[in-house]
Amino acid sequence: MMEKPIYILAIESSCDDTSAAVICNDEIRSNCIANQKIHAEYGGVVPELASRAHQQNIVPVVQQAIQKANIDKKDLNAIAFTRGPGLMGSLLVGTSFAKSLALSLNIPLLDINHMQGHVLAHFIKEEGCEKPPFPFLCLTISGGHTQIVKVEDYFKMTVLGETIDDAVGEAFDKSAKILNLPYPGGPLIDKYAKQGNPKAFQFTKPRVGPLDFSFSGLKTAFLYFIQKQEKENPKFIEENLFDICASIQDTIVSILMDKLKNAVKETGIKHVAIAGGVSANSEIRKRLKETENKYNWTTYIPKFEYTTDNAGMIAIAGYYKYLEAQYSHAGVAANPRLKVDEVAG
Ligand code: KG4
Ligand code: ZN
């Protein structure tokens, strides 16, 4: 007899995107995102505005996800939601909504760690995408985090190294801001870098532990470099934009690759994945692929739509939690500082 499929609705509201997804076993049926454009005017995410926008977006986004999946609310087996880390006001909207919906439908609730969600996006069933075997290493790179994680099982993750200050996404976005590019500038640096010379300008790499990261010094060095050049030539940015973008991107990506190589050396694990918003970057994707042959690694690159924040990744994490019957208790609360290796619940 065929087993009944499991349907889970997932909600992600940790930062500035309101997202809802429906998964059927490990296959995504819908993954809807309402982006909040308002933050671009301020050059970064304004927490208070993010919570208000989530409040407005959440019901329409959930309705859209259910409609697109072509199911009825009554078909759902469980509700998954992002418990943390993230912005408290943003998390509260998704958490409260998920709790109420689960209660009204009388189905289990599954609280998901956002960082585990980024990693587990690799387990969404996709044609042509292989799921990584345990153990594997995952470089999780986003606007809020930069970590190398050893993944031994779906919910057994250990941080091997992480940033001691800024996240790599911030390094991209702050560099872009210095270049007067709109927020978030990471994708624009990626785009302009394609036309530039990555060796045009040199920036010093930070000296920290072999598996740790630091990006705040690089940001300051970049700012001073641009200010100095602009003093000599006020049109420096305009005339060299492509080369500047290619050079700063090359420095950032080289730092990431160096650390990954150190982690492989230290652990002997050659299955290497990337995850998070910055894993959308074309240069890190290219460099990672190059290592397959050169160092005999097997690399795992997520489908573009599962890199930046989305509820699809929360849904797949929810699916594995559901299989293990790891349901949340009624008093579960949002936790803005949840760690990747913390057992949620
Ligand atoms: O995972 P994510 O959507 O949100 C967080 O959890 O932080 O990551 C957002 C970050 C932003 O800093 C954005 O600039 C960066 O991912 N990003 C990129 C690219 N696409 C998104 N950075 C570099 N190149 C890209 N193509
Ligand atoms: Zn994220």
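Going by my numbering, the sequence shown opens with residue 4, and the numbers climb by one from there.
Don't be surprised by glycine CBs; every beta carbon is placed ideally from N, CA and C.
Note that the structure is a prediction, hence the values are computed from the model and not measured.
Residues of its chain near residue i, where Cβ-Cβ distance is below 6 angstroms and the 5 sequence neighbours each way are ignored
i: G199; result: F245, D246, C248 and A249
i: T294; result: W300
i: S22; result: E15, I36, N313 and A314
i: F216; result: T149 and T166
i: Y323; result: Y157
Own chain residues within Cβ distance below 7 angstroms of residue i, not counting five before or after
i: V122; result: C141, T143, V152, V154, M160 and A278
i: K134; result: H125 and F126
i: V49; result: H42
i: Y195; result: L244, F245 and C248
i: I74; result: Y10 and V25
Where residue i falls: helix, strand or coil (DSSP)
i: E130; result: coil
i: G150; result: Reading the sequence as shown, one finds Gln at residue 150 and not Gly. Here Q150 sits in strand by DSSP.
i: G279; result: coil
i: L163; result: strand
i: D29; result: coil
i: E15; result: strand
i: G348; result: Note that G348 has pLDDT 47, beneath the 50 cutoff, so the model's placement of it is unreliable and the number below is only indicative. Correct three-state label for G348: coil.
i: Y45; result: helix
i: Y303; result: strand
i: Y405; result: This structure gives no information on residue 405, because the portion of the chain shown stretches from 4 to 348.
i: N80; result: coil
i: G87; result: strand
i: F239; result: helix
i: T223; result: helix
i: A203; result: coil
i: F137; result: coil
Residue-chain proximity (residue i, chain D), Cβ-Cβ < 9 angstroms
i: Q119; result: Among the chains of the structure shown, chain D does not appear; only one protein chain is present.
CA nearest to the CA of residue i, picked from the options
i: N109; options: N80, A276, G271 and S17; result: N80
i: N28; options: I11, I255 and A43; result: I11
i: A43; options: T98, N183 and I61; result: N183
i: C18; options: G97, S257, F204 and T207; result: G97
i: A336; options: E235, L113, D75 and S145; result: L113
i: F139; options: I272, E286 and I317; result: I272
i: R350; options: G280, G92, P339 and I26; result: Here the chain covers residues 4 to 348 and nothing more, so residue 350 does not appear.
i: T311; options: H117, N338, V343 and E242; result: H117
i: L90; options: I61, Q67, P63 and H57; result: H57
i: F175; options: P8, K238, E235 and L259; result: L259
i: I115; options: L94, Y186 and F137; result: L94
i: V318; options: A68, I61 and P185; result: One detail in the question is off: residue 318 reads as Ala in this sequence, not Val. Of the listed residues, the one whose Cα sits closest to A318 is A68.
i: G146; options: L104, C132, P190 and S285; result: P190
i: E269; options: V64, I31, L163 and L106; result: L163
i: V64; options: F100, K197 and F239; result: F100
i: G321; options: I82, E235 and E30; result: I82
i: S103; options: P185, V62, A203 and L221; result: V62
Counted within 10 angstroms of its Cβ, other Cβ atoms place residue i as buried (16 or more) or exposed
i: L291; result: buried
i: G348; result: With a pLDDT of only 47 at G348, under the threshold of 50, the placement of this residue in the model should not be trusted; the figure read from the coordinates follows. With fewer than 16 other Cβ atoms within 10 Å, it is exposed.
i: S33; result: buried
i: Y45; result: exposed
i: M5; result: exposed
i: D261; result: exposed
i: T223; result: exposed
i: F225; result: buried
i: A276; result: buried
i: Q39; result: buried
i: F84; result: buried
Neighbourhood of residue i by C-beta, 8 angstroms cutoff - its chain only, sequence neighbours within 5 removed
i: V267; result: L140, K273, V275, Y298 and W300
- Message: Between the segment 321–333 and the segment 293–310, can you find at least three pairs of beta-carbon atoms closer than 8 angstroms?
- Response: no
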